[in-house]
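This report refers to the structure that appears directly beneath it.
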Amino acid sequence: MAFVDRLGEILSEGGQGGIILTSIDALADWSRGKSLWAMPMGTACCAMELIAASFAKFDFDRHGSFPRPDPRHTDVMVVAGTITRKMAPAVKRLYEQMPEPKWVIAMGNCAVSGGIFFYDSYSVIRGVDEFLPVDVYIAGCPPRPESLQDAVLRLRELISTESIAPGVKHERTLSLPRSGDVSFGVRPGSAEEGDAE
Amino acid sequence: MTLEVESRKETLAEDGLPVEELVVNVGPSHPSTHGVCRVIVHLDGEIVTRAEPVIGYLHRGIEKMCENRTYLQVVPLTDRLDYVGSMYANWAYCRAVERLAGIRVPERAEYLRVIVCEMQRIASHMMSLGSAAADTGAATMFIYAFDERETIVELFEDLCGARLTYNYVRPGGVSFDIPEGWTDRLLEFCRTHRVALREMDKLWFGNVIARGRMKGIGVLAADDAVAWGASGPVARGSGVNWDLRKHDPYSVYPRFDFDIPTGSAGDVYDRARVRLYECYESCRIIEQAVAQMPGGPIKAEGLQRLIAPRPGDAYDHIESARGSLGVYIVSEGGPRPHRVKFRSPAFCNLALLPLIAEGHMLSDLVVCLGSLDPVFGEVDR
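From first to last, the protein sequence lines are chains A and B. Everything in the first sequence is counted per this note's numbering, starting at 1340 for the first residue and increasing by one. Everything in the second sequence is counted per this note's numbering, starting at 41 for the first residue and increasing by one.
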């Protein structure tokens, strides 16, 4: 495993890692949340709304979410549409090809629970969470493109509490230091700060 | 170890460079926007020797599910068949039910059905042309085309509240009458759409790269098109003049003046061209239908919610954006259909893929697939 991948683990091992990690986490979460490249796993009707979300009127790209057909380029898999028993192994395999960290958005009722096919279809998987860890669910048959954009913003909130140390979560959103903060640029109590006062 | 040495000897014993057939698996998660289809491609270098589509990745058992629903409850399921053109499956199913139960549809409802289906044809062709353009590398065209589609989707949303799965055409009529000012916006769209079509014509069909990618690719002879049961723009691109709106007229189509565009070469270019010209014709039909539309009810009067036709069967077909879409219903007298079968044009057209992709490069395979315009909700059902 590469050093970068183990960075969080190494820093948190020292016991004093918390202080260093919060700053790195804030930076990592900010950058991860702002460029969620999407793997559009559009199988059925919802794929149309997934395409509509990327195009002129809704403009998905302004949220930093850019659809890429290659799973190795992507951070978030948008499962849009019905997943059948025949399709499920392919979806799982594509998910496994995505690099960590990765997230899943279940778009539409079919991906959430099977939707209209819940009761009496013999071939539909009742929700993509049967085999993938879903982070954000969007209801609707199909959901509007705005819902998908909302889901990306929700996912960004979720990401902002994650730490790069494995299994660690922060209680609240970490914010990056701003130029107005006391801790930004100059150390409190230093000569320069004294002069300013 | 011995096996490896033996096989190496075999390749060395051949004269010239050893050539092996390479089998490549394309899909089921397709990088372009044609749905979940897997194609097993046999390659000789970069030339496709055999392309074998594997379907069933979106088989949801809709035909079987129809047997558990009442006649009215089936309508939302038909939306999910051809999700690029939901109105067609709605209408084809409702026509079959109306034929089975002997329901008379008011004239205004027939006009509304024609209007929404011609709008749907434009929307579907915009999706088809856009994704076909993206296959040839012209992503700009996709955005132009989707912009047009978005306008229609907004009009549909004002009409029935849904952007994609409309559930608009019901047995005996339609669900809602048109809102105020809607026809004006529709006519305005027809006017601006013609301008946009001319723009797209220049942008994509006039582009030398796009022409090079499409002309002479995926040639389908007229005999083959007829023999394989192709319909819609796929058949018409090969010069088969077959359109149910003209040749088996249904609803109020005989009252409109419109032409059936046909191609001659039968290649990808002609198929795309037919779709483009059909959008002009759809605009013409919409304008005539809006002008002729009478007042009156939009639903058949005295129709019970629980339709229970007498035992028997009925088949009806309409011309969808992909070809002749047929629905066959068998009734045993109860409130639920005994059997529902959809004759989907996308399924029949997809069967032509091995025929038209053979002998072309691997990169042309996607162009060929896009020109058939399959929607896998309808292929797999």
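Ideal placement from N, C-alpha and C gives every residue a C-beta, glycine not left out. Please read all numbers here as calculations on a predicted model, not as lab measurements.
Touching by the beta-carbon criterion (3+ pairs, under 8 Å), the stretch 1405–1417 of chain A and the stretch 140–160 of chain B = Counting Cβ pairs under 8 Å, fewer than three are found: no touch.
Three-state secondary structure assigned by DSSP to residue 1377 of chain A | In this structure, DSSP gives residue 1377 of chain A an extended state, which the three-state scheme calls strand.
Could you name the residues of the same chain whose beta carbon sits closer than 6 Å to that of residue 415 of chain B, not counting the 5 residues immediately before and after it, in chain order?
-> Same-chain partners within the cutoff: 122, 124 and 386.
Assigned secondary structure, residue 82 of chain B (DSSP; H/G/I helix, E/B strand, else coil) = Reduced to three states, the DSSP call for residue 82 of chain B is strand.
Along the chain, where does the beta strand (DSSP E) that runs through residue 1470 of chain A open and close?
-> Unbroken run through residue 1470 of chain A: none, as it is neither H nor E.
Spatial neighbours of residue 359 of chain B in its chain, beta-carbon cut-off 6 Å, leaving aside the 5 residues before and after = Cβ neighbours of residue 359 of chain B beyond the five flanking positions: 283, 284 and 285.
Contact set for residue 98 of chain B: own chain, Cβ-Cβ below 8 Å, skip 5 residues either direction | Excluding positions up to five away in sequence, the list reads 75, 76, 416, 417, 419 and 420.
Minimum Cβ-Cβ distance from residue 1483 of chain A to chain B less than 8 Å | Residue 1483 of chain A counts as touching chain B.
Helix, strand or coil for residue 1492 of chain A, going by three-state DSSP, please let me know.
-> Residue 1492 of chain A falls in the helix class under three-state DSSP.
Could you tell me whether the Cβ atoms of residue 183 of chain B and residue 159 of chain B are closer together than 8 Å?
-> No, the pair does not count as a contact, with Cβ atoms beyond the cut-off.
Nearest chain A C-beta to residue 108 of chain B closer than 8 Å, yes or no?
-> Yes, residue 108 of chain B counts as interfacial toward chain A.
Rounded separation between residue 1420 of chain A and residue 1444 of chain A - CA only | Going by the C-alpha atoms only, they are around 11 Å apart.
Neighbouring residues, chain B, relative to residue 1426 of chain A (Cβ below 8 Å) | For the C-beta of residue 1426 of chain A, the chain B residues within less than 8 Å are, from N- to C-terminus, 68, 76, 97 and 98.
Mapping DSSP to helix, strand and coil, what is residue 402 of chain B?
-> For residue 402 of chain B, the secondary structure class from DSSP, reduced to helix, strand or coil, is helix.
Give the DSSP-derived three-state secondary structure of residue 1345 of chain A in the structure shown.
-> In the structure shown, residue 1345 of chain A sits in a helix (DSSP, three-state: H, G or I).
Return the Cβ separation of residue 411 of chain B and residue 258 of chain B in integer angstroms, given the expectation that the two are a contact with Cβ distance under 8 Å.
-> Confirmed, about 6 Å.
Terminal residues of the alpha helix (DSSP H) in which residue 166 of chain B lies = Segment 147–175, the alpha helix (DSSP H) holding residue 166 of chain B.
Short-range partners of chain B found in the stretch 1446–1467 of chain A, where Cβ spacing is below 7 Å | Close to chain B, meaning a Cβ-Cβ distance shorter than 7 Å, are the following residues of the stretch 1446–1467 of chain A: 1455, 1456, 1459, 1460, 1461, 1462 and 1463.
Inter-stretch contact (C-beta, 8 Å, three-pair minimum) for the stretch 295–308 of chain B and the stretch 107–114 of chain B = Too few Cβ pairs lie closer than 8 Å, so no.
Short CB-CB distance (under 8 Å) between residue 1392 of chain A and chain B | Not one chain B Cβ lies under 8 Å of residue 1392 of chain A.
Helix, strand or coil: how does DSSP classify residue 291 of chain B here?
-> Reduced to three states, the DSSP call for residue 291 of chain B is coil.
Can you find a C-beta in chain B that's less than 8 Å from the C-beta of residue 1383 of chain A?
-> It does; some Cβ of chain B falls within 8 Å.
Look at residue 196 of chain B and residue 1391 of chain A and say whether their C-beta atoms are less than 8 Å apart.
-> Result no, Cβ atoms of residue 196 of chain B and residue 1391 of chain A do not sit closer than 8 Å.
Residue from A:1435, A:1446 and A:1399 whose Cα sits closest to the Cα of residue 1381 of chain A | Out of A:1435, A:1446 and A:1399, A:1446 has the C-alpha closest to the C-alpha of residue 1381 of chain A.
Chain A within 8 Å of residue 276 of chain B, Cβ atoms only | Output row for residue 276 of chain B: interface = no.
Cβ pair residue 1430 of chain A, residue 1389 of chain A closer than 8 Å = For residue 1430 of chain A and residue 1389 of chain A, no; Cβs fall outside 8 Å.
Around the Cβ of residue 281 of chain B, are there at least 16 other Cβ atoms within 10 angstroms (buried) or fewer (exposed)?
-> Taking all protein chains shown into account, residue 281 of chain B has fewer than 16 neighbouring C-beta atoms within 10 Å of its C-beta and is therefore exposed.
By the 10 Å Cβ neighbour count, where 16 or more other Cβ atoms means buried, how is residue 348 of chain B classified, buried or exposed?
-> With a 10 Å radius around the Cβ and a threshold of 16 neighbouring Cβ atoms, residue 348 of chain B comes out exposed.
Output, in chain order, the set of chain B residues within a Cβ distance shorter than 8 Å of residue 1437 of chain A.
-> Correct list: empty, because the minimum Cβ distance to chain B is about 12 Å.
Who does residue 1416 of chain A pair with in a DSSP beta bridge?
-> Looking at the DSSP assignment, residue 1416 of chain A forms a beta bridge with A:1378 and A:1443.
Taking residue 244 of chain B and residue 167 of chain B to be in contact with their CB atoms under 8 Å, please state how far apart those CB atoms are, rounded to whole angstroms.
-> Separation of the CB atoms of residue 244 of chain B and residue 167 of chain B is rounded to 14 Å, and the pair is thereby denied contact status at 8 Å.
Any C-beta of chain A sitting closer than 8 Å to the C-beta of residue 188 of chain B?
-> Cβ-Cβ to chain A under 8 Å: no for residue 188 of chain B.
Using the C-alpha atoms, what's the distance from residue 203 of chain B back to residue 80 of chain B?
-> Cα to Cα, residue 80 of chain B sits roughly 35 Å from residue 203 of chain B.
Mark residue 1373 of chain A as exposed unless 16 or more other C-beta atoms lie within 10 angstroms of its C-beta, in which case mark it buried.
-> It is exposed - the Cβ of residue 1373 of chain A has fewer than 16 other Cβ atoms within 10 Å.
Spell out whether any CB of chain A is found under 8 Å from the CB atom of residue 105 of chain B.
-> Taking Cβ atoms only, chain A reaches closer than 8 Å to residue 105 of chain B, which makes this a yes.
Under 8 Å between C-beta atoms of residue 326 of chain B and residue 226 of chain B = Yes, they are a contact pair.
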